[in-house]
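Undergrad: If you read the sequence shown in my numbering, its first letter stands for residue 1, the second for the next number, and so on. We put the beta carbon where it would ideally sit given N, CA and C, even for glycine. For reference, the structure I am asking about is given below.
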Amino acid sequence: MPRLRELQQDFAAAVLDGAQNGFERHIQAAGLSGVRRLQIYRNNTLLNLTASLRATYPVICRLVGDSFFDYAAAQYIAAYPSRSGDLEEFGGDFARFLESFAPAADLVYLPDVARLEWIYRQIFYAADHPPLDLTALAQVPAEQQADLHFQLHPAARLLESVFPILRIWQVNQTDYAGDAAVDLTAGGIKLLALRRDN
């Protein structure tokens, strides 16, 4: 009898990689064969993970199209399986994946746009935290001010790119109605992204 860890690893391989490792023999067939049950689970898992990526990276999807995105998502899911039961945490390595994804090699700005979209998600789900209290800061004695250390608010992130990724992101919003032209040679950008309610 295999240990629980081995069963879990074999199940994950059968579902995520489509591995033909004989895992179906551990499934009790009640109307459907073990192979068919695994196929259903595999399809549902792939669809849910792809939908999660699509929700996190709508601009990437819009830039490359649905078919390309679905193919990239399937490759990403196989290369970077989810390590959490929370879909909100899935997709953090998508930009890194896109850097070496050969079919996207000509879209050199794509990984940085993905980084911007991931940051957007992180900021959205960041814990609420009070902003800097300027009144309290003003009361710090001058001799102690050199000892102060500042850090970014949990709902703020910094991002730098050699591409105009903010412009790319803006013109690919569903409600954008202006000029959609993007000049990739316009220069890079340094962004401070933050949630407005903070």
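Near asparagine 198, what residues of its chain come up, given a Cβ to Cβ distance below 6 Å and the 5 sequence neighbours on each side ignored?
TA: Summary for asparagine 198: the model assigns pLDDT 46, below 50, so the residue's position carries little reliability; its value from the coordinates is reported in the next sentence. Result list for asparagine 198: Pro131, His153, Ala155, in chain order.
Undergrad: Do the stretch 107-126 and the stretch 135-152 make contact, defined as three or more Cβ pairs closer than 8 Å?
TA: no
Undergrad: Which of helix, strand or coil does DSSP assign to leucine 137?
TA: helix
Undergrad: For the alpha helix (DSSP H) containing alanine 73, list its first residue and its last residue.
TA: 66-79
Undergrad: Any idea if isoleucine 60 is buried or exposed, counting beta-carbon neighbours within 10 angstroms, 16 or more meaning buried?
TA: buried
Undergrad: If the criterion is Cβ atoms closer than 8 Å, does the pair alanine 95 and proline 111 meet it?
TA: yes
Undergrad: Give me whichever residues DSSP pairs with glutamate 160 in a beta bridge.
TA: BP columns for glutamate 160 point to Lys190.
Undergrad: Excluding the 5 residues preceding and the 5 following glutamate 88 in the sequence, name in chain order all residues of the same chain whose CB lies nearer than 7 Å to its CB.
TA: Tyr125
Undergrad: If you draw a straight line from the alpha carbon of alanine 181 to that of aspartate 133, how long is it in whole angstroms?
TA: Spanning the two alpha carbons is a distance of roughly 41 Å.
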